[in-house]
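Protein sequence lines, in the order shown, are assigned to chains V and H. 40 is the number that the working numbering gives to position 25 of the first sequence; each next residue is one higher, with no gaps. 140 is the number that the working numbering gives to position 104 of the second sequence; each next residue is one higher, with no gaps. Think of the CB as a built atom: it goes at the ideal place given N, C-alpha and C, for glycine as much as any other residue.
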Amino acid sequence: MIRFDSVSKRYPNGYEALRGINLHIRRGEMVFITGHSGAGKSTLLRLIPLLERPSNGQVLVAGLNLVRLRRGLIPQLRRRIGMIFQDYRLLHDRTVYDNVALPLVIAGVSPLEIGRRVRAALDKVGLLDRERVYPVTLSGGEQQRVGIARAVVSRPPILVADEPTGNLDPALSWEIMQLFRDFQRVGVTVVIASHDIGLIERLGQRVITLERGRLVDDIPAEAA
Amino acid sequence: MAEVAARRPPSRLRRAANAYVSAHGRALVGALGRLYRTPLASLMTAAVLGVALALPAGFLLLLANLQGVTAGWEADARLSVFLKTDVAPDRYRALAATLEQDPDIAAATLITPEQALEELRAVSGMQDALALLDSNPLPAVLLVQPAAGADPEAAAALAERLEALPDADLVQLDQAWLQRLASVVELARRGTLVIAAMLGIAVILVVGNTIRMAIESRREELVIIKLLGGTDAFIRRPFLYEGCWYGLLGGVLALLLVETALLLLRGPATALAASYGSALLVQGLGMDGVAWLLAAGVVLGLAGSRLAVGRHLRAIEPR
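Okay, structure coming up:
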């Protein structure tokens, strides 16, 4: 589903964030990317929806060669990737419902279908009764669940999450991770950057460790 | 069977068309909603546009009225043929009769030297000075009205022909001052167009700046839309419609300003015309004028927002 072939990323200021990364993530896999701050976790994640372009090497996502992808096709790529952020990135002047509906509005889905799918997504994250409220009135865990509902509402084959539990306490983090597990079980490829080693170990999934831009460890998932 | 056909899901093309129309409808209404949420700021911008559009519209209307008035006068174009002073009375009477028959001439009126002197005496208040003259120094004059009406070229050709008459001394085209007036009107019209072009640029810049600020204030939202796969067109659309709305509102305000000004000027203008013995009918913008004014507003608003959107949206990329 996602393939990195000797990918390097050097920023204009000369900083080398990634060096010669080779990586293959199969359809329906759940993968954690871990490492210290500045190890290149975020950069690696940002290459998948083309928030950055690699300096060298090739990135293939859902059959698309990102190096050759025209600017005009980037929206098509991003619609196939649900993105989840540490700071949630919700629109605070819109209700929970409107936040979750946004990807469908962008994709031009009919209003009737939008209502159906938004409620299904909110139901999945357990916030069906909060669709009329504004995000600021929600707790951090609830806001992140809105973010997840927004990421999955268009049923993308790939979910990419950058430190999704970075601002949450252990109990809430565990809940959020269980949500990601649920999506993985129905065939979604999930890539999560996190430095919460304890949490990651308890989940027993594939773990990729980065160190100063290099891939130094790749532990496969525990046999269930 | 018919029921099955009716329940068949809409075709791909149909769905795409529906999505397109609903996306535009959403952007159109959404843009109006945003203007409505900041009524004072929106109204101020629209008022600036209104004044900028009302000025050239008002001037052009004024010129149209002026041209309407002078068009009536031009029909009265006349030639004054001053004869040589030594032409005998029976000769100029015969000449007047001949000219009366000329196919190019609608009417020829004779003013004898005696009549001319009489007129001069009546209007100039120079009775004493004129009494000192021992003979009448004034020539006979033929007032000729061209059959071709106001056509300046035909009048000029006729003047040339009359000047060639052996008895004619001087032919004066009374149209000259009308031509001068026409030149002044044309100059004013050109000037108005130049000012209109400048104010049009001002409208574009005002809308452009307003849209630029709208883009800045929604930067975070636009970044998120890009992250979620929003196309450039999707992001651009609401701002283009916002520019159209500003232009339309500006056009409506300009319309109100022009009509109000017209209402204030109609009374004095009619009184002035009455003092010249003419029934002046002040004409308003009319359906055409209204349509042009509103269309100009929308087009300029669109141009302004296009300018801002092109310049600033590219710079917004997810970080």
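Asked                                                                                                                : Found
Listed by chain order, chain H residues near Leu153/V by CB distance under 7 Å                                       : Under the 7 Å cutoff, chain H gives no residues; its nearest Cβ is about 17 Å from Leu153/V.
Neighbouring residues, chain V, relative to Thr267/H (Cβ below 7 Å)                                                  : Pro90
CA-to-CA distance, Lys120/H to Pro202/H, given in whole angstroms                                                    : 9 Å
Check whether Val93/V and Leu97/H have beta carbons under 8 Å apart                                                  : Per the sequence shown, residue 93/V should be read as Arg rather than Val. Against a cut-off of 8 Å, the Cβ pair of Leu97/H and Arg93/V comes out as no contact.
Chain V within 8 Å of Asn101/H, Cβ atoms only                                                                        : no
Residue from Leu68/H, Ile271/H and Ala142/H whose Cα sits closest to the Cα of Ile352/H                              : Ile271/H
Nearest to Glu189/H (by Cα), restricted to the options Leu115/H, Arg73/H and Gly61/H                                 : Leu115/H
Close beta carbons around Gly86/H, own chain, < 7 Å, minus the five adjacent residues each side                      : Gly286, Leu289, Ala290 and Leu293
Sequence-distant residues of the same chain with beta carbon closer than 6 Å to Gln199/V, five excluded per side     : Met45 and Val205
CB contact below 8 Å: Ile352/H versus chain V                                                                        : no
Simplified DSSP state of Glu353/H, which is helix, strand or coil                                                    : coil
Contact with chain H by Ile129/V, beta-carbon distance below 8 Å                                                     : no
Residues of the stretch 256-280 of chain H with Cβ closer than 7 Å to any Cβ of chain V, in chain order              : Glu257, Ile260, Ile261, Leu263, Leu264, Gly265, Gly266, Thr267 and Phe270
Sheet register partners of Thr49/V (DSSP bridge)                                                                     : Thr224/V
Positions along the stretch 234-258 of chain H whose CB lies within less than 7 Å of some CB in chain V              : Glu257
Among Gly94/H, Gln103/H and Gly346/H, nearest to Val220/H - alpha-carbon criterion                                   : Gln103/H
Sheet register partners of Leu209/H (DSSP bridge)                                                                    : Leu115/H
Proximity to Gln91/V [Cα-Cα], best of Leu79/V, Ile129/V, Pro126/V and Lys24/V                                        : Leu79/V
Residue interval of the alpha helix (DSSP H) (run including Met192/V)                                                : Pro185 to Arg200
Neighbour list for Ala13/H in chain V, Cβ cutoff strictly below 7 Å                                                  : With chain H covering 37 to 355 only, the question about residue 13/H has no answer from this structure.
C-alpha gap between Tyr312/H and Leu99/H, whole angstroms                                                            : 19 Å
Cβ-Cβ distance between Ile63/V and Ile96/V below 8 Å                                                                 : yes
Residues of the stretch 49-76 of chain H with Cβ closer than 9 Å to any Cβ of chain V, in chain order                : Arg51, Ala52, Asn54, Ala55, Tyr56, Ser58, Ala59 and Arg62
CB contact flag (Leu119/V, Arg109/V, <8 Å)                                                                           : no
CA-to-CA distance, Gly266/H to Val40/H, given in whole angstroms                                                     : Confidence at Val40/H is low in this model, with a pLDDT of 46, below 50, so its placement is unreliable and the value that follows should be read with caution. Their Cα atoms are separated by approximately 36 Å.
Three-state class that DSSP yields for Thr204/V in the structure shown                                               : strand
8 Å Cβ cutoff, Pro179/V in contact with chain H                                                                      : no
DSSP beta-bridge partners of Val74/V                                                                                 : Phe19/V
Environment of Trp281/H [buried if 16+ CB atoms lie within 10 Å]                                                     : buried
The stretch 246-259 of chain H / the stretch 336-355 of chain H touching (three or more Cβ pairs under 8 Å)          : yes
Per-residue DSSP class, three states only, for Met37/H                                                               : Low confidence applies to Met37/H: its pLDDT is 43, below 50, so where it sits in the model is not reliable, and the reading given next is rough at best. Met37/H: coil per DSSP, three-state reduction.
Near-chain H residues of the stretch 109-136 of chain V (beta-carbon distance less than 8 Å), N- to C-terminal order : Leu117, Pro118, Val120, Ile121, Ala122, Gly123, Val124, Ser125 and Pro126
Closest Cα partner of Pro149/H within the set Ala165/H, Thr134/H and Asp122/H                                        : Asp122/H
Best match in Ala167/H, Asp170/H, Val84/H and Asp138/H for proximity to Gln181/H [C-alpha to C-alpha]                : Asp138/H
Proximal residues to Arg157/H (C-beta, below 8 Å), its chain only, five neighbours per side dropped                  : Gln163 and Leu166
Neighbourhood of Ser154/V by C-beta, 6 Å cutoff - its chain only, sequence neighbours within 5 removed               : none
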